[in-house]
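Chemist:
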Amino acid sequence: MIEDAVPGADERGEVTMGAPKVKVHRRKPHSKPKTPKLEAIMPPVASAGAPVSAAAAPAPTAVRTAARSLTSRMRPATSRPVASAWGAFRADPVIAGRSLRGTYLLRAPSVGSFCHYITDGADLAELSTVGLATMMRERRALRCAIIAVLGAAALAAALFVAYFCLTPATADADSPYLTAEVGEAKSTSSALWKAGTIPSLYQADPAWVDMPYGQATLGEAGAAPCALAMAYVAVTGNTDRTPVDFAQWAIDHDLTASGADTVGAYLTSAAPDFGLALTPIKAERRALRHAIVSNTPVLVVTRPGTFAPTAIVVVLDDIDRDSHIVLHDPTSPTRSGKGWLFTDIVGAAEKVFEVRAA
1 MIEDAVPGAD
11 ERGEVTMGAP
21 KVKVHRRKPH
31 SKPKTPKLEA
41 IMPPVASAGA
51 PVSAAAAPAP
61 TAVRTAARSL
71 TSRMRPATSR
81 PVASAWGAFR
91 ADPVIAGRSL
101 RGTYLLRAPS
111 VGSFCHYITD
121 GADLAELSTV
131 GLATMMRERR
141 ALRCAIIAVL
151 GAAALAAALF
161 VAYFCLTPAT
171 ADADSPYLTA
181 EVGEAKSTSS
191 ALWKAGTIPS
201 LYQADPAWVD
211 MPYGQATLGE
221 AGAAPCALAM
231 AYVAVTGNTD
241 RTPVDFAQWA
251 IDHDLTASGA
261 DTVGAYLTSA
271 APDFGLALTP
281 IKAERRALRH
291 AIVSNTPVLV
301 VTRPGTFAPT
311 AIVVVLDDID
321 RDSHIVLHDP
331 TSPTRSGKGW
341 LFTDIVGAAE
351 KVFEVRAA
């Protein structure tokens, strides 16, 4: 605000003329809110042996009540729903007891958590009171532990059943396929191999008996490669392939298992690579006789527990004067030197293939 200039004297006593007088209004800084002192909020602390009287304690206020709640002791956790009022608070006795003992349950399923449940006296008492179903609904660790134990038991049972189901079958004592081996496994010399004649090739031949074959050796599980090699020589007359070549093909294509389906898949898959064509035929007397008299090698995949504990392959060669089948068994020189009834071969056959040139 500007006032009219009047003659006068300044602070030093000098007269000023003609200069306007200006008044400057300055704002006062805002005052900060006062923070109540701790002594005004908290009740006074009595010294040892001198309790504070009720009259000396200040009256409770909203600020004092909030401060007191912040400095009070922490309440134990509870898994039970409580009312909003503090007076309705009630701790879970089981959790409170474990808190005092310093033990806490694992949240991940483990054998340790399950053993803790079955050995804890408080849990056994609760189990007898509320039952297992209720405890499993309320306690995640117990539920996971029981599920893990049941899953492990189911897996063990499945492995137990699989072990006995996959165990190699054995022939009965009176089975016609059960024979005593009296001769040495000696294969036909490659100098005598020719077309139209099926040579005898045995998996126990010293030339390849120790060759690795899958999880075993060719001398232990190499019936299929030996049988396919016999059919190859009879159809093509070539001498450039041995059971080692046919076994290596099975290893390269992961077809060395002894199951009937795997053996059948090996024969049908490997034959085209060696210039052979396999035609499935029925395992019956008439079909077998027709294929044999046609001077065609016949591969028979046998059922486990007949010629061998696992599935093997035999090669049907001829029919003798007694109307018995003459065959070549890569696993047994004794069975290769006897005649077989058609009913025995039909009863042992799982898959039958007629072999011709591709």
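By full-length UniProt numbering, the letter at position 189 of the sequence shown is numbered 189, and the numbering carries on one by one without gaps.
Where a beta carbon is used, it is the ideal one built from N, C-alpha and C, also for glycine.
Does the beta-carbon of R286 have 16 or more other beta-carbons within 10 angstroms, so that it is buried, or is it exposed?
Modeler: What you label residue 286 is simply residue 286 of the sequence shown in a count that begins at 1. R286 should be labelled exposed.
Chemist: Hey, how far is the Cα of M135 from the Cα of L142?
Modeler: Indexing the sequence shown from 1 puts residue 135 at position 135. Indexing the sequence shown from 1 puts residue 142 at position 142. Answer to the nearest angstrom: the Cα atoms are 8 Å apart.
Chemist: Tell me whether the beta-carbon of P297 lies closer than 8 Å to the beta-carbon of A234.
Modeler: If you number the sequence shown from 1, residue 297 lands on position 297. If you number the sequence shown from 1, residue 234 lands on position 234. The answer is yes: Cβ separation under 8 Å.
Chemist: Starting from P212, follow its DSSP beta bridges and name the residues at the other end.
Modeler: Position 212 of the sequence shown, counting from 1, holds the residue named residue 212. DSSP output for P212 lists T217 as bridge partner(s).
Chemist: Are Y177 and A224 closer than 8 Å when you measure CB to CB?
Modeler: Taking the sequence shown and counting its residues from 1, the one referred to as residue 177 is at position 177. Taking the sequence shown and counting its residues from 1, the one referred to as residue 224 is at position 224. For Y177 and A224, no; Cβs fall outside 8 Å.
Chemist: Counting only runs that start and end within the segment 299 to 356, where is the alpha helix (DSSP H) found for 4 or more residues in a row?
Modeler: Here the runs fully enclosed are 333 to 336 and 342 to 348.
Chemist: Inspect the CB distances between the segment 152 to 164 and the segment 192 to 210 and report whether three or more fall short of 8 Å.
Modeler: These segments do not touch.
Chemist: Going by alpha carbons, who is nearest to L192 out of S323, T239 and R356?
Modeler: Your numbering for residue 192 matches position 192 in the sequence shown. Closest option to L192, Cα to Cα, is T239.
Chemist: Excluding sequence positions up to five away, which residues of its chain have a Cβ less than 8 Å from the Cβ of E284?
Modeler: What you label residue 284 is simply residue 284 of the sequence shown in a count that begins at 1. Within the same chain, E284 has close Cβ partners V346.
Chemist: In the DSSP assignment, the alpha helix (DSSP H) including P243 goes from what residue to what residue?
Modeler: Taking the first residue of the sequence shown as 1, we reach residue 243 at position 243. Per DSSP, P243 belongs to the alpha helix (DSSP H) from P243 to D252.
Chemist: State the DSSP-derived secondary structure class of P272, mapped to helix, strand or coil.
Modeler: Residue numbering aside, residue 272 sits at position 272 when the sequence shown is read from its first letter. Note: P272 maps to helix in three-state DSSP.
Chemist: If we ignore side chains and look at the alpha-carbon of each, how far apart do T279 and A270 end up?
Modeler: Mapped onto the sequence shown, residue 279 falls at position 279. Mapped onto the sequence shown, residue 270 falls at position 270. If you take the alpha carbons of T279 and A270, they lie about 13 Å apart.
Chemist: Per the DSSP calculation, T279 is bridged to which residue(s)?
Modeler: Along the sequence shown, read from residue 1 onward, the residue named residue 279 stands at position 279. Beta-bridge pairing links T279 to E354.
Chemist: I'd like to know whether the C-beta atoms of I325 and G337 end up nearer to each other than 8 Å.
Modeler: Residue mapping note: residue 325 aligns to position 325 of the sequence shown, counting from 1. Residue mapping note: residue 337 aligns to position 337 of the sequence shown, counting from 1. Going by C-beta atoms, I325 is not nearer than 8 Å to G337.
Chemist: Output the boundary residues of the alpha helix (DSSP H) element that contains E138.
Modeler: Position 138 of the sequence shown holds residue 138. Where E138 is concerned, the enclosing alpha helix (DSSP H) stretches over L132 to E138.
Chemist: Could you tell me whether the Cβ atoms of L276 and A357 are closer together than 8 Å?
Modeler: For the purposes of this step, residue 276 is taken as residue 276 along the sequence shown, with counting starting at 1. For the purposes of this step, residue 357 is taken as residue 357 along the sequence shown, with counting starting at 1. Against a cut-off of 8 Å, the Cβ pair of A357 and L276 comes out as a contact.
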